[in-house]
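These notes concern the structure reproduced below.
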Amino acid sequence: FEKKEKPAVIWLHFQECTGCSESFIRASHPIVADALLDVVNVNYQETLMAPSGLQAEKSLADTMRDQKGKYILVVEGAVPTKDNGVYCMIRGKTAESILKEVAADAAAVVAWGACASFGGVQAAKPNPTGAHPISKLINKPVINVPGCPPIGDVMMAVISHVVVLGQIPELDSLGRPKEFYGRRVHDTCYRRPNYDAGLFVESFDDENAKKGYCLYKVGCRGPVTYNACSVTMWNEGTSSPVKSGHPCIGCSEPGFWDNGPFYQH
Ligand code: SF4
Ligand code: SF4
Ligand code: F3S
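The sequence shown lines up with residues 44 to 308 when you count with the UniProt record's numbering.
Structure (structure tokens):
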């Protein structure tokens, strides 16, 4: 990947809920406006871009032509392959064909969220649309940034790393940047002293819940989930699922949607 000033970004949406876009626009370091204006040119993003229809498609085509081999492709959502991909089509083309076409000349490819990284909830058994993660459909390295959604600041940091350093960050065996997915939620959880002391919430409305005890017995998957939630937190470092009293459901791990139940009593 060749380092360039203000590379273009193409952001594709497939089978998704737009939660990853929502998370991204809440990134605070740097704030998203600075990033969009100063670090990259987001030339195609169906939720945020001003143009629509033919103008939007022109923007995509122009970027693919003028920035060939230089643009960064980021993908939000899984890609259905069953029944020739009819379950997600944009301007008459299947998501799979659009992905392959745009990925072919991308300098780097990033998968936002559980859907693009691992299939997401729409891949839950029996996976009726044949939803696939994008890494299964293209023949180039994919930086997986999972979570449902991923933390906005992590998304921003990953794309900044690619742009500023001009290289792919070091990844773990699941394609996740080690910098943000190298530790378990459990490792730095502020409730960890309670876990170590055997102090557990037994049900969501008990006295132990009010005291902020460990959520392991009500289903917390922090001990098997690699993500930065306990360190970076969410919404400018304000809180996290566990900090708000909810067990981690393992949203940055493959198959979390089928590894239920999310809650235990
Ligand atoms: Fe929505 Fe989660 Fe998929 Fe992101 S990973 S698009 S938040 S369902
Ligand atoms: Fe670990 Fe979850 Fe307990 Fe925190 S609440 S210490 S992540 S089991
Ligand atoms: Fe997801 Fe668990 Fe963090 S549910 S948001 S990885 S605390």
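Even for Gly, the Cβ is constructed at its ideal location relative to N, Cα and C.
{"Check": "Which first and last residues belong to the alpha helix (DSSP H) in which residue 104 is found?", "Outcome": "96-109"}
{"Check": "Quick one, what's near ligand 3 if you take every residue whose CB is closer than 7 Å to any heavy atom, in chain order?", "Outcome": "190, 191, 228, 264, 265, 268, 270, 272, 283, 284, 285, 291, 292, 293, 294, 295"}
{"Check": "If I'm right that residue 251 touches residue 219 with Cβ under 8 Å, what's the distance once you round it to whole angstroms?", "Outcome": "Actually they are not in contact, since the Cβ atoms of residue 251 and residue 219 sit about 33 Å apart, beyond 8 Å."}
{"Check": "Comparing the CB of residue 234 with every heavy atom of ligand 2, is any distance shorter than 6 Å?", "Outcome": "yes"}
{"Check": "Please report the distance separating the alpha-carbon of residue 160 from that of residue 295.", "Outcome": "9 Å"}
{"Check": "With distances taken Cα to Cα, identify the nearest neighbour of residue 150 among 51, 200, 178.", "Outcome": "51"}
{"Check": "Determine the closest residue to residue 241 out of 231, 99, 216, 258, with distance taken between C-alpha atoms.", "Outcome": "258"}
{"Check": "Classify residue 293 as buried or exposed, calling it buried when 16 or more other Cβ atoms lie within 10 Å of its own Cβ.", "Outcome": "buried"}
{"Check": "Just the C-alpha distance for residue 272 and residue 228, rounded to the nearest angstrom, thanks.", "Outcome": "6 Å"}
{"Check": "Count the other CB atoms within 10 Å of the CB of residue 104; is the residue buried (16 or more) or exposed (fewer)?", "Outcome": "exposed"}
{"Check": "Alpha carbon to alpha carbon, how far is residue 46 from residue 211?", "Outcome": "No answer about residue 46 holds up, because its pLDDT of 47 lies below 50 and its placement is not dependable."}
{"Check": "Using three-state DSSP, classify residue 63 as helix, strand or coil.", "Outcome": "helix"}
{"Check": "One question on the structure: do residue 276 and residue 67 come within less than 7 Å of each other, judged by their Cβ atoms?", "Outcome": "no"}
{"Check": "With a threshold of 6 Å, establish whether the CB of residue 131 neighbours any heavy atom of ligand 2.", "Outcome": "no"}
{"Check": "For the alpha helix (DSSP H) containing residue 204, name the first residue and the last one.", "Outcome": "195-208"}
{"Check": "Would you say the beta carbon of residue 103 is closer than 6 Å to some non-hydrogen atom of ligand 2?", "Outcome": "no"}
{"Check": "Near residue 195, what residues of its chain come up, given a Cβ to Cβ distance below 6 Å and the 5 sequence neighbours on each side ignored?", "Outcome": "66, 67, 69, 70"}
{"Check": "DSSP on residue 220, reduced to helix/strand/coil?", "Outcome": "strand"}
{"Check": "Could I get the ranges of all uninterrupted beta strand (DSSP E) runs contained in the stretch 131-194, with 3 residues as the minimum, in chain order?", "Outcome": "151-155, 185-188"}
{"Check": "Which parts of the UniProt domain \"Cytochrome-c3 hydrogenase C-terminal\" (224-305) are runs of the alpha helix (DSSP H), unbroken and 4 residues or longer, counting only runs that do not cross its ends?", "Outcome": "235-239, 250-253"}
{"Check": "Return helix, strand or coil for residue 121, following the three-state DSSP convention.", "Outcome": "strand"}
{"Check": "I need the straight-line Cα distance from residue 173 to residue 165, nearest angstrom please.", "Outcome": "9 Å"}
{"Check": "Can you give me the C-alpha to C-alpha distance between residue 107 and residue 263, rounded to a whole angstrom?", "Outcome": "44 Å"}
{"Check": "Given 6 Å as the limit, tell me if residue 180 has its C-beta closer than that to any heavy atom belonging to ligand 2.", "Outcome": "no"}
{"Check": "Under the assumption that residue 25 contacts residue 282 (Cβ atoms under 8 Å), give the Cβ distance between them as a whole number of angstroms.", "Outcome": "Residue 25 cannot be examined here, being either before or after the span of the chain that is shown, 44 to 308."}
{"Check": "For residue 83, which of helix, strand or coil comes out of DSSP?", "Outcome": "coil"}
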